[in-house]
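Inspection log for the structure reproduced underneath, given as structure tokens.
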Amino acid sequence: MDLTALRNANPEHWDKAAAIRTLTLDAVAAANSGHSGMPMGMADVATVLFEKHLKFDASAPNWPDRDRFILSAGHGSMLVYSLLYLTGNADVTLDEIKNFRQLGAKTAGHPENFLVDGIETTTGPLGQGISNAVGFAMAEEIQRAQYGKKIVDHYTYVIAGDGCLMEGVSQEAITLAGRHELSKLIVFWDNNNITIDGTVDIADRTDQVRRFTASGWHVIEIDGHDPKAIDAAIVQAKESNKPTMIACESHIALGHAAQDTSKGHGALTDQGQLKAAKDGYGWPHDAFEIPADVKSAWEAIGARGASDRAEWEERFATISDRKQAEFNRAYAFEAPKKLAGAIRTFKKLMSEDQPKLATRAASEKVLNVVNPIMPETVGGSADLTGSNNTKSADMGVFLPENRKGRYIHYGIREHGMAAAMNGMALHGGIRPYGGTFMAFTDYARPSMRLAALMKVPTVFVMTHDSIGLGEDGPTHQPVEHLAISRATPNTLVFRPADVIETAEAWELALTIKDCPSVLSLTRQGVPTVRTDHKAKNLTAQGAYVLADAESKRQAILIATGSEVSLAMEAKAMLEAEGIGTRVVSMPCMELFAQQDEAYRKRVLPGGPVRVGIEAAVRAGGWDRWLLGERGREAKAGFIGMSGFGASAPAGELYKHFGITAEATVAKVRGLLG
1 MDLTALRNAN PEHWDKAAAI RTLTLDAVAA ANSGHSGMPM GMADVATVLF EKHLKFDASA
61 PNWPDRDRFI LSAGHGSMLV YSLLYLTGNA DVTLDEIKNF RQLGAKTAGH PENFLVDGIE
121 TTTGPLGQGI SNAVGFAMAE EIQRAQYGKK IVDHYTYVIA GDGCLMEGVS QEAITLAGRH
181 ELSKLIVFWD NNNITIDGTV DIADRTDQVR RFTASGWHVI EIDGHDPKAI DAAIVQAKES
241 NKPTMIACES HIALGHAAQD TSKGHGALTD QGQLKAAKDG YGWPHDAFEI PADVKSAWEA
301 IGARGASDRA EWEERFATIS DRKQAEFNRA YAFEAPKKLA GAIRTFKKLM SEDQPKLATR
361 AASEKVLNVV NPIMPETVGG SADLTGSNNT KSADMGVFLP ENRKGRYIHY GIREHGMAAA
421 MNGMALHGGI RPYGGTFMAF TDYARPSMRL AALMKVPTVF VMTHDSIGLG EDGPTHQPVE
481 HLAISRATPN TLVFRPADVI ETAEAWELAL TIKDCPSVLS LTRQGVPTVR TDHKAKNLTA
541 QGAYVLADAE SKRQAILIAT GSEVSLAMEA KAMLEAEGIG TRVVSMPCME LFAQQDEAYR
601 KRVLPGGPVR VGIEAAVRAG GWDRWLLGER GREAKAGFIG MSGFGASAPA GELYKHFGIT
661 AEATVAKVRG LLG
């Protein structure tokens, strides 16, 4: 590639792009770690995008109507760090650039949304960024329909590489975006034909242009190093009524000895080659040195959006006080004041009616109360709407012809759904939730993990939560999934016992701001066990005494979900034998762990034998509560699963696997000796 010709064709553009390339080389060399090639190859695209199109204000990186820029190929993190530093973002200083990938630095190896204002989403696992972006674009469409174009009118831009497009989740995201005609989503494909193992063709022969076109996208092919072609393509993309993929033919590690090779993907640290690359760029400056004129040109780009933001603030001031308050409340993840009262009223009614119903059906009842007073909720299901019960009566369906719809048919795309929901939450102003079967958390798992890492309050509604789903058999019967979910840091896992606990779990999931929730809900009907109305949200304590011993307390039964009613049956049988038994409902182990020690000891005092009851495996935290927090406070046993389920009616399965009141009583007797 003739770098001199590129440099001479547009010297001002070249120097701005070279600043990205040289900062990348210097930071990766200093860290002796990182990925140099992608930022060097896509610097021209990023420069044109930021200079001529991206609506942002470096002094206010969280301004709601900014354009969103997502680096899906997150290993190339120095691209976004360079852009943020050059444009004047307060979080990314030159010292942060120099400390790239070091302990305590905001410039982590992959971009982390919670470390830097201006990074929209955490990327690293390939395919996540482009899939999050679909949620960002959906959120923009929904909010534009709610508040009008003068308040919400922005684009979502993505840089994705070959690896992103190979990951299966990208296909889910691409086809979902095409179906919904998300015209404000623009993806730049870094078409450099290189992966870590070699050229792309050793593993893939997909015609990406035809793939995107077949999925309903507008596709443009350009030279990714021609600033005029890049600019023209973005202009054309903005005029399309479809999402656009701009295929940017590029050279990984442009200008370096490793250009167009697999070595160019990783850390380029050889000092001689680094100097030769800089010489090729016409860059005579020291490491981390950006000439004043180049830095000021970039800072002018970062400041350009201040006028756009000021104009937006003026427009925002013209809408009603009610709309302003609603908008600000939703962006702050603040639940409406009406929510607590609505939940209390619902709980009181249910305590009086005492229905026997599946907690998935209870969840639907709660949503019919909640969604009309929370216009920011956006629901959906992975083709299981009638099974997950996630659609409330007031929700229209989100479609190109109905952007006011707040219910999304995600199709059989569990992973894409979870990633898109994360994108909606990250966009701001949306409380997303979506459903599938609990067993299919396996398909959604990478995005569920990232929700926890990113500290976003996505709500994962997982129904058919045990062998209780019955005849569909072990492929659909989750036994290890509760443990996996509970093992994930910064995640709240709720397994409510009845309609009351389901309402309380939803109240918590919709008020928490900094972690995702997993709602594990039954297919089979369960009785109401909370028959005495309590205004207080007892689920917020994680566990509580549902029924205390009538005789001298000798046993504590700890149960979750559908097994709480089973524990109550066993309690009655034990009390009839003179064995005083306390029943503890534990809808959320994580919240119980957060309570003070005194409360935990009151609920689970030392002395009595303890038996846990859950139609799942004994893992994911059970031993802490069964054996005691020091592992020696109690004799303990567990009634649950030790392997996979089987295909049969639910009642037969519970008997077959020994998850019964009779088995619980026998376990207590055995422990008491």
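Under the UniProt record's numbering, the residue at position 106 of the sequence shown is numbered 106, and the numbers go up by one with no gaps.
Glycine included, every Cβ here is placed at the ideal spot set by N, Cα and C.
Remember, predicted model here, so these are calculated numbers, not experimental data.
task: Please name the residue or residues paired with E249 in a DSSP beta bridge.
output: Taking the sequence shown and counting its residues from 1, the one referred to as residue 249 is at position 249. Answer is N191 and D223, bridged to E249.
query: Would you call the segment 328-344 and the segment 85-96 touching, i.e. three or more CB-CB distances under 8 Å?
result: no
message: Within a Cβ cutoff of 7 Å, which residues of the same chain sit near A543, ignoring the five residues on either side of it in sequence?
response: Mapped onto the sequence shown, residue 543 falls at position 543. Result list for A543: V584, S585, M586, F592 and V603, in chain order.
- prompt: Skipping 5 residues on each side, what residues in its chain have a beta carbon closer than 6 Å to that of G302?
  reply: On the sequence shown, residue 302 is found 302 positions in, with the first residue counted as 1. For G302, where only same-chain residues beyond five positions count, the Cβ hits under 6 Å are A58, T87 and G88.
message: By the three-class DSSP mapping on this structure, what secondary structure does Q554 have?
response: On the sequence shown, residue 554 is found 554 positions in, with the first residue counted as 1. Looking at Q554 - three-state DSSP - the assignment turns out to be strand.
message: Would you call the segment 144-155 in contact with the segment 193-207, where contact means no fewer than 3 C-beta pairs closer than 8 Å?
response: no
task: Using the Cα positions of A9 and Q259, report the straight-line distance between them to the nearest angstrom.
output: As a position in the sequence shown, residue 9 is number 9, starting the count at 1. As a position in the sequence shown, residue 259 is number 259, starting the count at 1. In a straight line, the C-alpha of A9 is about 21 Å away from that of Q259.
- request: Just list the beta strand (DSSP E) runs in the segment 540-624, keeping only unbroken ones of 3 residues or longer that don't cross its boundaries, in chain order.
  value: 544-547, 553-559, 580-585 and 609-617
query: To which residues does DSSP link F494 through a beta bridge?
result: Taking the sequence shown and counting its residues from 1, one reaches residue 494 at position 494. BP columns for F494 point to L519.
Sequence-distant residues of the same chain with beta carbon closer than 7 Å to V294, five excluded per side: Looking up residue 294 in the sequence shown gives position 294. The residues are D15, K16 and A19.
- prompt: So what does DSSP say about G651, is it helix, strand or coil?
  reply: The count along the sequence shown starts at 1 and reaches residue 651 at position 651. The answer is helix: DSSP assigns G651 an H, G or I state.
query: Thinking C-beta only, is L521 closer than 9 Å to A616?
result: Counted from its first residue, the sequence shown places residue 616 at position 616. Counted from its first residue, the sequence shown places residue 521 at position 521. Contact: no.
message: Between which two residues does the alpha helix (DSSP H) holding L671 run?
response: What you label residue 671 is simply residue 671 of the sequence shown in a count that begins at 1. Per DSSP, L671 belongs to the alpha helix (DSSP H) from A661 to L672.
query: Cα separation between R610 and L627?
result: Translated into the one-based positions of the sequence shown, residue 610 becomes position 610. Translated into the one-based positions of the sequence shown, residue 627 becomes position 627. Their Cα atoms are separated by approximately 8 Å.
query: When DSSP labels each residue in this structure, what does P11 get in the three-state scheme?
result: One-based indexing of the sequence shown puts residue 11 at position 11. Looking at P11 - three-state DSSP - the assignment turns out to be helix.
Inter-residue Cα distance where the pair is H251 and G216: In the sequence shown, residue 251 corresponds to position 251, counting from 1. In the sequence shown, residue 216 corresponds to position 216, counting from 1. Cα to Cα, H251 sits roughly 28 Å from G216.
query: Over what stretch of residues does the beta strand (DSSP E) that includes F327 continue unbroken?
result: Here residue 327 is taken as the residue at index 327 of the sequence shown, counted from 1. Here F327 belongs to no beta strand (DSSP E); instead the alpha helix (DSSP H) covers D321 to Y331.
field: Of the residues A452, S466 and G435, the one placed nearest F460, counting alpha carbons only
entry: Here the question's residue 460 lines up with position 460 in the sequence shown. It is G435.
Nearest-angstrom Cα separation, counted from V526 out to E172: For the purposes of this step, residue 172 is taken as residue 172 along the sequence shown, with counting starting at 1. For the purposes of this step, residue 526 is taken as residue 526 along the sequence shown, with counting starting at 1. Cα to Cα, E172 sits roughly 35 Å from V526.
message: Using 8 Å for Cβ pairs, my map puts N113 next to T107. What's the rounded Cβ distance?
response: On the sequence shown, position 113 is the one that residue 113 refers to. On the sequence shown, position 107 is the one that residue 107 refers to. Actually they do not touch by this definition, with Cβ atoms about 13 Å apart.
- prompt: What are the boundary residues of the alpha helix (DSSP H) that includes L71?
  reply: Taking the first residue of the sequence shown as position 1, residue 71 is located at position 71. Premise fails: L71 lies in the beta strand (DSSP E), R68 to L71, not in any alpha helix (DSSP H).
- request: Would you check if the segment 114-133 and the segment 407-425 touch, i.e. whether three or more CB-CB distances between them fall below 8 Å?
  value: yes
message: Tell me whether the segment 353-373 and the segment 497-511 touch, counting them as touching only if at least three CB pairs, one residue from each stretch, are closer than 8 Å.
response: yes
message: Let's see if you can read the secondary structure: which residues bound the beta strand (DSSP E) around R431?
response: Start at 1 with the first residue of the sequence shown, and residue 431 comes out as number 431. Here the beta strand (DSSP E) through R431 covers R431 to F437.
- prompt: First and last residue of the alpha helix (DSSP H) that includes F316?
  reply: Counting from one through the sequence shown, the residue named residue 316 turns up at place 316. Taken as a continuous stretch (DSSP letters only), the alpha helix (DSSP H) holding F316 covers A292 to T318.
message: Given this structure, state the Cα-to-Cα distance separating G104 from L453, to the nearest angstrom.
response: Position 104 of the sequence shown holds residue 104. Position 453 of the sequence shown holds residue 453. Their backbone Cα atoms lie some 16 Å apart in a straight line.
Rounded distance between the beta-carbons of Y407 and G386, thought under 8 Å: Here the question's residue 386 lines up with position 386 in the sequence shown. Here the question's residue 407 lines up with position 407 in the sequence shown. About 13 Å separates the two Cβ atoms, so there is no contact after all.
query: For the alpha helix (DSSP H) that I636 lies in, which residues bound it at each end?
result: One-based indexing of the sequence shown puts residue 636 at position 636. Correcting the residue type first, residue 636 is Ala in the shown sequence and not Ile. No alpha helix (DSSP H) holds A636; the beta strand (DSSP E) holding it covers A636 to M641.
- request: Tell me, please, whether the segment 465-478 touches the segment 502-517 by the rule of three or more beta-carbon pairs shorter than 8 Å.
  value: no
Contact under 9 Å by Cβ, A29 with L274: Numbered from 1 along the sequence shown, position 29 holds the residue referred to as residue 29. Numbered from 1 along the sequence shown, position 274 holds the residue referred to as residue 274. For A29 and L274, yes; Cβs fall inside 9 Å.
field: Cβ neighbours of residue 675 in the same chain (closer than 7 Å, five flanking residues each side left out)
entry: In this structure the chain extends from 1 to 673, so residue 675 is not present and cannot be described.
- request: Work out the CA separation of G76 and N33 for me, nearest whole Å.
  value: By 1-based counting over the sequence shown, the position of residue 33 is 33. By 1-based counting over the sequence shown, the position of residue 76 is 76. The residue you asked about is not Asn; residue 33 is Ser in the sequence shown. About 12 Å.
task: At 4 residues or longer, and completely inside the segment 447-500: list those alpha helix (DSSP H) runs for me, N to C.
output: 481-487
- prompt: Are the segment 65-73 and the segment 156-166 touching by the rule of at least three beta carbon pairs closer than 8 Å?
  reply: yes
field: Beta-carbon gap between Q524 and G468 smaller than 9 Å
entry: Position 524 of the sequence shown holds residue 524. Position 468 of the sequence shown holds residue 468. A contact, by the Cβ cut-off of 9 Å.
Alpha-carbon to alpha-carbon, Q146 and P372: For this step, residue 372 is matched to residue 372 along the sequence shown. For this step, residue 146 is matched to residue 146 along the sequence shown. Roughly 14 Å separates the two Cα atoms.
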